[in-house]
Amino acid sequence: MIRLNSYFIRQGLRELRKVFFFELARCNNLFVRFIPFSPMKAYFNITDNCNSQCVTCTQWKQKSYNELTTEEVNKILIQLKKADVRSISFTGGEPTLRRDLSEIIKRANDLNFVNITMATNGLLLTRKKAVSFLENGLKEITISIDGNKKVHEYVRGIKGSYARSIKALKMLTELRDTRYSHLVIRIATTLMKPTLNEIKKILNVAKELNVRWGINLINNSTYFFKDIDVSRLLMHDQDLNKLNKLIDELHEIKIKNSGLIESTHASLEYAKKYFKDPKRKDIPCYLGYQAFHIGSHGELYSGCWVLPPLGSLRENTLKEIITSEKYKKRLEDMFLKKCPGCSCNYPTNLWYHFPSLYYEIKWYTRRLDHFKSK
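Going by our numbering, the letters in the sequence shown line up with residues 2 to 375, in that order.
This is how it looks when you write it as structure tokens:
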């Protein structure tokens, strides 16, 4: 318990120092060079291959070869641990396509990463595989659901995918409720024109299964979403009126249903402006100082899937890449929004943006008042 408390004290002090310099740099660009660099999380895209055919993505359209071996993944995990990364999320493509996924999760657990998570479409998630993942150290699983059967299968491009993903969710909740009480289960929904009218239906599913729910925002800037025709996916004026009304309803649902909606109030509100102003130059990008992104062939990205990688972990060590002037310059450019803009992990940016954080605190106070009045 003492060690755990000391860890949170250290992390808290480190984050306070970082927030202090973030705010200085937001007020005066001269302070950008002094922002502490201490990423706490890594998003590890362990395969670009996928068994869905999503309208939002291009990864499934070509086979990815010569991806990182199990041994290469292990070496990268060791480097991330030495860099004091605390949490790792395995993504794709579809991570469950890798036959060595349980072994990879076990290695991360053996290295004592504080949190090990995975995002999946759930199509290959059998009970046997889920138990193997959980026994080897997986703590959180996110499954994508984009609407009712018709809408979900339109977005995912696979007939029968809705039933299979819902079956996987129910299997996970049963495992959580009977054997793995630590397991956190989430539903993630991409907010776009086809899913706009589906959100409350998905929330009902999440509530029934007692799992968390959150939104992603449609984005065609990242390398795996590029060259997508988003004209039928983006929202326009008439849709935005519906969106604003929906977001107002979600604020109230979040207040009344603790733990159901994982997206913060600031993140929900951000969605109102996103479709008219996706870059949001008024909010700096803190992601480069917060996370590493790693591609399936060892590419190292600076906390962002949009800008080109800054090196290969097959050719150089993590330390060699992140201590280069090129890497440092990239972080400064990201902070100053010298980039195309994207929706990559935008909730993190909001947590470190004082006006958004103040907005969140106001909503939190309202939630406290609600529960006191019950």
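For glycine and all other residues, C-beta sits at the position ideal for the given N, C-alpha and C. Computed from a prediction, not measured in an experiment: that's the story for all the values here.
Beta-carbon spacing of residue i, residue j below 8 angstroms
i, j, result
"I144", "I106", "no"
"S53", "I219", "no"
"L244", "A272", "yes"
"D147", "E199", "yes"
"T97", "T71", "no"
"L314", "G304", "no"
"Q60", "F293", "no"
"Y275", "S344", "yes"
"L77", "I295", "Position check: residue 77 holds Ile in this sequence, whereas Leu was assumed. Yes, the Cβ-Cβ distance between I77 and I295 is below 8 angstroms."
Residue i versus residue j - alpha carbon distance
i, j, result
"K194", "N317", "42 angstroms"
"N50", "R367", "44 angstroms"
"K277", "F336", "21 angstroms"
"I3", "V115", "Reliability fails at I3, whose pLDDT of 40 lies under 50, so the model's placement of it is uncertain and the value that follows must be treated cautiously. Spanning the two alpha carbons is a distance of roughly 16 angstroms."
"T92", "S297", "10 angstroms"
"L17", "Y66", "42 angstroms"
"Y155", "C55", "8 angstroms"
"L311", "N205", "42 angstroms"
"V231", "K130", "35 angstroms"
"K257", "L269", "15 angstroms"
"P40", "V86", "6 angstroms"
"Y287", "N149", "35 angstroms"
"W214", "I203", "8 angstroms"
"K171", "K339", "43 angstroms"
"L102", "F134", "8 angstroms"
"N75", "N242", "48 angstroms"
"K373", "I254", "17 angstroms"
"D370", "L251", "18 angstroms"
"N211", "R157", "24 angstroms"
"R177", "H183", "7 angstroms"
"N350", "E73", "31 angstroms"
"F21", "L173", "40 angstroms"
"W306", "I229", "15 angstroms"
"D283", "R99", "40 angstroms"
"S88", "K64", "29 angstroms"
"C28", "F35", "13 angstroms"
Spatial neighbours of residue i in its chain, beta-carbon cut-off 6 angstroms, leaving aside the 5 residues before and after
i, result
"I216", "T190, L192, S264"
"V33", "A26, E333, F336"
"G94", "T48, D49, N50, C51, Q60"
"Y163", "K150, H153, E154"
"R128", "M172"
"S90", "Y44, T118"
Residue burial classification, residue i (beta-carbon count within 10 angstroms, cutoff 16)
i, result
"S259", "exposed"
"P356", "exposed"
"P37", "exposed"
"L81", "buried"
"H153", "buried"
"I362", "exposed"
"S7", "Model confidence at S7 stands at a pLDDT of 48, short of 50, so the residue's coordinates are unreliable; what they give is reported in the following sentence. Counting Cβ neighbours within 10 Å, S7 comes out exposed, since fewer than 16 surround it."
"I323", "buried"
"F9", "Annotation note: pLDDT 42 at F9 (below 50); position unreliable, coordinate value reported separately. With fewer than 16 other Cβ atoms within 10 Å, it is exposed."
"H354", "buried"
"P309", "exposed"
"T196", "buried"
"Y365", "exposed"
"K19", "buried"
"C58", "buried"
"Y359", "exposed"
"L31", "exposed"
DSSP three-state assignment for residue i, whether helix, strand or coil
i, result
"E263", "coil"
"Y302", "strand"
"G215", "strand"
"S268", "helix"
"C315", "Sequence inspection shows Arg at residue 315; the Cys mentioned does not correspond to that position. The answer is coil: DSSP assigns R315 none of H, G, I, E or B."
"S325", "coil"
"I106", "helix"
"S133", "helix"
"K42", "strand"
"T307", "Here residue 307 turns out to be Val, not Thr, going by the sequence shown. Looking at V307 - three-state DSSP - the assignment turns out to be coil, as it is neither helix nor strand."
"F226", "coil"
"V231", "coil"
"H153", "helix"
"R180", "coil"
"L139", "coil"
"K201", "helix"
"L337", "coil"
"H294", "strand"
Heavy atom of the ligand GDP within 7 angstroms of residue i beta-carbon
i, result
"N350", "With respect to the ligand GDP, the structure shown offers nothing to examine, as it has no ligands at all."
Spatial neighbours of residue i in its chain, beta-carbon cut-off 7 angstroms, leaving aside the 5 residues before and after
i, result
"L5", "Because the pLDDT of L5 is 40, which lies under 50, any placement of that residue in the model is unreliable, and the number read from its coordinates should be weighed accordingly. Hits under 7 angstroms: none found."
"L139", "I106, I117, M119"
"I248", "L269, E270, A272, K273"
"N137", "S103, I106, K107, N110"
Proximity test, Cβ basis, 8 angstroms: residue i and chain B
i, result
"Q54", "The displayed structure is made up of one protein chain only, and chain B is not part of it."
Contacting residues, own chain, Cβ-Cβ under 8 angstroms from residue i (five flanking each side not counted)
i, result
"R165", "G123, L124"
"K208", "N258, L261"
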